[in-house]
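All residue numbers for the sequence shown refer to this note's numbering, where the first residue is 14 and numbers rise by one.
All C-beta atoms in this analysis are idealised placements derived from N, C-alpha and C, irrespective of residue type, glycine included.
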Amino acid sequence: MLCASGGPINKSQLVRALGIARSSLYLHPKRPHLDKALVVSIEQWHEHDDTLGHRKLAVLIKTGKNRVKRVMQKYGIAARRKKKKYIYPGKATHTAPNLVREMTEESLQKVVFSDMFEVHLADQSRVRGCFALEKQTRQILGLAFDYHMRADLVTSVIETMTFHAPGAIWHSDQGKQYGAQSTRELLLQKGFLQSMSRAGTPTDNGLAERFVGTFKLAVAERRSYRTLGHFLRAAESWVNFYNRIRPHEGLGNCSPLHYAQTHQLHMAPFISL
Numbered sequence: 014m015l016c017a018s019g020g021p022i023n024k025s026q027l028v029r030a031l032g033i034a035r036s037s038l039y040l041h042p043k044r045p046h047l048d049k050a051l052v053v054s055i056e057q058w059h060e061h062d063d064t065l066g067h068r069k070l071a072v073l074i075k076t077g078k079n080r081v082k083r084v085m086q087k088y089g090i091a092a093r094r095k096k097k098k099y100i101y102p103g104k105a106t107h108t109a110p111n112l113v114r115e116m117t118e119e120s121l122q123k124v125v126f127s128d129m130f131e132v133h134l135a136d137q138s139r140v141r142g143c144f145a146l147e148k149q150t151r152q153i154l155g156l157a158f159d160y161h162m163r164a165d166l167v168t169s170v171i172e173t174m175t176f177h178a179p180g181a182i183w184h185s186d187q188g189k190q191y192g193a194q195s196t197r198e199l200l201l202q203k204g205f206l207q208s209m210s211r212a213g214t215p216t217d218n219g220l221a222e223r224f225v226g227t228f229k230l231a232v233a234e235r236r237s238y239r240t241l242g243h244f245l246r247a248a249e250s251w252v253n254f255y256n257r258i259r260p261h262e263g264l265g266n267c268s269p270l271h272y273a274q275t276h277q278l279h280m281a282p283f284i285s286l
């Protein structure tokens, strides 16, 4: 070895030649202590959202993604993952053309995606949710839950939104709630052009579908909720964490709200459920 006693050069000569601190030669004995400190940070973030993988955690903790990945593997920590199941909501009697498929990437920025989904409480009662997600900033603009799946669940989301972009597109699947007269009239009043995915093609509404999967994994399937109020408190906490803190790779690892603020775009208010 170069640094062994009697070798060609000693450690002092080596660090001078490499232009590094002598302490750099002794980093490995300290690694277990540093790794344990990192584990604590990872576990603290996973208290908020245990679907966070090593890339998002690295952004939040402000360290290298490879280091986070190595430590997670070392301590057996993994982000929860589950394949989403598609639930067909029933076809609308009134449908709209798929405007999104005909748009350029630039014009796609003025699109709000929406979807409906279902979660179960501890007593197996079913709660339905609806949300609106802005394409450009990935912000959740509105979110609502109830025991029913009527059109007024959709209109309650539209009514609470502060987003104003005349001529923007509202895109959803062909669920009957989106084709209801009350929904269509309210969208028209708000200045939206209505667009719908092709029948039986959930991938046309991919951003909304992915959010549903993330929400279910991070909130609905994380623990058992005895009451609707218990569930709503968890949902409210997480969706505001999603908007304000959670990094998004499609936004250069900014949170949706930070991206909107940086680019002087509409910022979604705190969502109350």
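Three-pair Cβ contact test at 8 Å for the stretch 189 to 196 versus the stretch 216 to 227: no
Per-residue burial, E262 [other beta carbons within 10 Å of its own, 16 or more giving buried]: Counted from its first residue, the sequence shown places residue 262 at position 249. Exposed, since its Cβ has fewer than 16 Cβ neighbours within 10 Å.
Counting pairs of beta carbons, one from the stretch 169 to 180 and one from the stretch 244 to 261, are three or more of them closer than 8 Å? no
Please tell me whether K82 has its Cβ less than 7 Å away from any Cβ of chain D. Judged by its chain identifiers, the structure shown contains no chain D, having just a single protein chain.
Reduced DSSP secondary structure (H/G/I, E/B, other) of G242: What you label residue 242 is simply residue 229 of the sequence shown in a count that begins at 1. Correct three-state label for G242: helix.
Once DSSP output is grouped into helix, strand and coil, what is the label at G155? Locating residue 155 in the sequence shown gives position 142, counting from the first residue. Residue state, collapsed to three classes: strand.
Buried or exposed for S272, going by 16 or more other Cβ atoms inside 10 Å? Position 259 of the sequence shown holds residue 272. The residue asked about is misnamed: residue 272 is Tyr in this sequence, not Ser. Buried.
Here's the rule: buried if 16 or more other CB atoms are within 10 angstroms of the residue's CB, otherwise exposed. What is D136? As a working mapping, residue 136 is identified with position 123 in the sequence shown. Classification of D136: exposed, given that the 10 Å Cβ count is below 16.
Excluding sequence positions up to five away, which residues of its chain have a Cβ less than 7 Å from the Cβ of R257? The residue given as residue 257 occupies position 244 in the sequence shown. Correct list, in chain order: S268 and L270.
Would you mind sorting Y238 into buried or exposed? The rule is 16 or more other CB atoms within 10 Å of its CB. Within the sequence shown, residue 238 is the residue found at index 225, counting from 1. Buried, because 16 or more other Cβ atoms sit within 10 Å of the Cβ of Y238.
May I have the straight-line CA-CA distance separating I55 from H61, to the nearest angstrom? For this step, residue 55 is matched to residue 42 along the sequence shown. For this step, residue 61 is matched to residue 48 along the sequence shown. Approximately 10 Å between the Cα atoms of the pair.
Whole angstroms is fine: what's the gap from F244's alpha carbon to L31's? Locating residue 244 in the sequence shown gives position 231, where the first residue counts as 1. Locating residue 31 in the sequence shown gives position 18, where the first residue counts as 1. Their backbone Cα atoms lie some 57 Å apart in a straight line.
Using 8 Å as the Cβ pair cut-off and three pairs as the minimum, do the stretch 225 to 238 and the stretch 201 to 208 touch? no
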